[in-house]
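Report on the structure given below.
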Amino acid sequence: MENSPEITTDAALLRPEGVSSLALGQLASLTGGQLLPGLQGTGDAAELRVSGVSIDSRAIRPGDLYAALPGARFHGADFADGARKAGAVAVLTDPDGARILGEQAALPVIVVEDPRAQLGAVARTVYGSQPQDGTGLGLFGVTGTNGKTTTTYFVNSILRALGETTGLIGTIEILADDQKIPSKLTTPEASTVHALLAVMRESGMTAASMEVSSHAIEFDRVAGVRYDVAGFTNLTQDHLDLHGTMQAYFDVKARLFTPERTGRAVVVVADDDDEWGIAMARHARAQLGADNVDVFAMRGGVVADREGGPQRRGADWTLHSMTRRGIGHAFELVHRDGRSLRVSTGLPGEFNVANAALATLMVLASGVELDLLQRVLDEHDPLTTDVPGRMQLIGTEPTAVVDFAHNPDALARALAAVDPPEGNGRVILVFGATGDRDKTKRPLMGEIAAREADVVIISDDDPHGEDPAAIRAEVAAGAHALIESGRARAAEVHEISPRAVAIRSAVRMAGRGDSVIVAGRGHETVQEIAGVDHPLDDRAELRAALEDMQEGRWEHQ
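When the letters of the sequence shown are read in order and numbered with the numbering used here, they come out as residues 10 to 566.
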């Protein structure tokens, strides 16, 4: 694209070119903070011009405001001198940071109680990432435990088929049209998010889709961002190490569905027993108004407000006529007023039907005409796009799939998706559990594995700082408990480490009609063990094992 900013390999370094600098005094007023002039005169400090924002002293450019945030081991104020030498003109920090900097700070300081919470508004204002004149990006945000990545890719694919020039911010990568930028976080920090949105707008993007994790909401990474349409996939057990309870986890997700965060919403409800989906539908309708929320029910009628009152209507859209199409599904979405859409996806699993429906309805909710959307779905098949590490088909004889399923619900759904029809083959599973995360889900995942797979191979995910053998033992305990109860499908449970050997072992065990699924890491290309990153790509390992089997190389090993 002509005259577009160069896209670097580090998202934190991306900046728009056309920034109009702002006076530091304006930013102090915006945040409600106290401006301490430091060694500058008070008047001089207020007139300093700010043209960028960064929380990383190593990424500072001349003219930047350095946001010195508190951390677990260090305070950002400890690195303020490095930021000053790199060209920072001022510091945004909290009272502790101000004390570290001292009264004779070399730079002016804006002091606020919670600088992270203010960072989004500051970055939005400095970069002009979401202008009020209607020239900003059409912005789509997707939250939920599972399905965020696939749904954002689906939204992106539909928008491109409609002729939009699009951006995407997510777990796997950041996309600016056809340019890819690796992503370390599901959602980058707020200063980076607003810089990215401004770069995309400046580069001619017209729309963007974003994953919005609970961490992003909890830690204010999407502060200052307002979506045109927000979507909710589901809520199941995960991240309880951060949130503590499912109710607290829900409450964080629900913060996305407020007038300050989004204009419209689409909420998926699995069935009439989907407690959290129904609760989110009720919450979104109460916050945004029922006419600004579309509730999609996979099954059942779903009353979004079981307690009565003015919002007692059920689902707006329901699923009809779902049939298998190859490894995917074709289905119909029917509105309560009689409108309908024919939809299909080439990705396996009923959960991808829900993801495809959510993406389709989010695009419809943005104002696209139904007839135009139907034509694009029919002519371009945008919901058969590849999503790296999400039910990614690596081989067909045996069926070999890599998926990111790393929590109980996602694992159960993935195993159901690869189950050979009519019991004509076995399901062979390789998986593990992540270290330094919610330990309560480990035995539950072992139980699910033994219930849904024929052969269970427990290996290592990302142990991080924990003992890999201890993690495997906790997972195995759940599998063996189910086997001892007589309720297991699995006839075999193995512990095999390292993971590459476990993957090769699974392929060795597989027959032509079996399915091998390697779950938990998806698109990831490094495995962290005791603080050290080791190269490991499940897709590459599975592909190599299949090639060795097909070439007969194992016969000579």
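We put the CB at the ideal spot given by N, CA and C, even for glycine.
Nothing here was measured: the structure is a model prediction, and the numbers come from that model.
Between which residues of its own chain and residue i is the CB-CB distance below 8 angstroms, once the five residues before and five after are set aside?
i             : result
threonine 267 : Gln296 and Leu297
proline 104   : Val120 and Glu122
aspartate 546 : Glu533 and Thr534
glutamate 56  : Ala32, Leu33 and Gly34
Excluding five sequence neighbours on each side, which residues of the same chain lie with their C-beta closer than 7 angstroms to the C-beta of residue i?
i              : result
leucine 373    : Leu379 and Leu382
glycine 317    : The pLDDT assigned to glycine 317 is 44, lower than 50, so where the model puts this residue is not dependable; a value taken from the coordinates is nonetheless given after this. None.
alanine 293    : Phe266, Ala274, Val276 and Val302
methionine 371 : Phe149, Val164, Val238, Gly240 and Val275
glycine 72     : Ser30, Arg58, Val59, Ser60, Gly61, Gly96 and Val98
isoleucine 505 : Ile466, Ser468, Ala511 and Ser514
alanine 539    : Gly474
leucine 491    : Glu456, Ala459, Arg460 and Ala497
glycine 147    : Thr215, Ala216, Asp237 and Ser375
Between which two residues does the alpha helix (DSSP H) containing residue i stretch?
i             : result
glutamate 556 : 547-560
histidine 389 : 379-389
glutamine 43  : That residue, glutamine 43, is in no alpha helix (DSSP H); its beta strand (DSSP E) goes 43-45.
threonine 158 : 157-170
valine 362    : 359-374
valine 135    : 124-136
threonine 40  : 33-40
Using only the alpha-carbon positions, how far apart do residue i and residue j sit?
i              : j                 : result
serine 60      : aspartate 53      : 17 angstroms
alanine 419    : glutamate 475     : 23 angstroms
isoleucine 512 : valine 439        : 7 angstroms
glycine 172    : serine 375        : 15 angstroms
glycine 2      : serine 138        : In the structure displayed, the chain extends from 10 to 566; residue 2 sits before or after that span and is not available.
arginine 210   : aspartate 186     : 11 angstroms
alanine 225    : glutamate 198     : 8 angstroms
lysine 157     : glutamate 550     : 25 angstroms
aspartate 300  : tryptophan 326    : 13 angstroms
methionine 289 : proline 79        : 32 angstroms
aspartate 463  : phenylalanine 360 : 21 angstroms
glycine 561    : valine 410        : 21 angstroms
leucine 402    : threonine 159     : 14 angstroms
alanine 363    : alanine 68        : 40 angstroms
arginine 552   : glutamate 220     : 28 angstroms
aspartate 412  : arginine 125      : 33 angstroms
valine 427     : threonine 242     : 21 angstroms
histidine 84   : arginine 230      : 18 angstroms
proline 140    : arginine 264      : 22 angstroms
alanine 81     : isoleucine 109    : 16 angstroms
isoleucine 336 : serine 223        : 31 angstroms
arginine 446   : aspartate 346     : 45 angstroms
Between which residues of its own chain and residue i is the CB-CB distance below 6 angstroms, once the five residues before and five after are set aside?
i              : result
methionine 558 : Val516
serine 166     : Pro391 and Thr394
proline 417    : Gln246, Lys450, Leu453, Met454 and Ile457
aspartate 471  : Thr443, Gln536 and Glu537
leucine 74     : Val59, Val62, Ala99 and Leu101
threonine 215  : Glu173 and Thr174
Quick check on residue i: buried or exposed, where buried means 16 or more other Cβ atoms within 10 Å of its Cβ?
i              : result
threonine 7    : Since the first and last residues shown for the chain are 10 and 566, residue 7 lies out of range.
valine 541     : exposed
proline 452    : buried
glutamine 113  : exposed
asparagine 433 : exposed
aspartate 283  : buried
histidine 329  : exposed
leucine 367    : buried
lysine 94      : exposed
aspartate 387  : exposed
alanine 313    : Summary for alanine 313: the model assigns pLDDT 48, below 50, so the residue's position carries little reliability; its value from the coordinates is reported in the next sentence. Flag for alanine 313 reads buried.
arginine 508   : buried
arginine 384   : exposed
arginine 548   : buried
threonine 254  : exposed
Terminal residues of the continuous beta strand (DSSP E) containing residue i?
i             : result
alanine 114   : Where alanine 114 is concerned, there is no enclosing beta strand (DSSP E), given that its DSSP letter is neither H nor E.
valine 62     : 61-63
glutamate 182 : 182-185
threonine 449 : No beta strand (DSSP E) holds threonine 449; DSSP gives it neither H nor E.
glutamine 487 : Correcting the residue type first, residue 487 is glycine in the shown sequence and not glutamine. Glycine 487 -> not in any beta strand (DSSP E); alpha helix (DSSP H) instead, spanning 477-494.
glycine 150   : 147-152
threonine 569 : The structure shown does not extend to residue 569, since the chain spans only 10 to 566, so no value can be given for it.
valine 28     : Unbroken run through valine 28: none, as it is neither H nor E.
Verify the CB distance criterion: does residue i have a CB-CB separation below 7 angstroms to chain D?
i          : result
valine 465 : No chain D appears in the structure shown, which is made up of a single protein chain.
At 4 residues or longer, and completely inside the stretch 281-354: list those alpha helix (DSSP H) runs for me, N to C. 284-297
Going residue by residue through the stretch 192-278, where are the continuous alpha helix (DSSP H) segments of at least 4 residues, counting only ones entirely within it? 199-211, 223-227, 249-252 and 255-263
Could you give the uninterrupted runs of the alpha helix (DSSP H) lying entirely in the stretch 391-443, keeping only those of 4 residues or more? 417-427
Within the stretch 497-552, note down every full beta strand (DSSP E) run reaching 3 residues or more, in order along the chain. 501-504, 524-528, 535-538 and 541-544
So within the stretch 72-107, which uninterrupted beta strand (DSSP E) runs reach at least 3 residues, ignoring any that extend past its ends? 73-77 and 99-102
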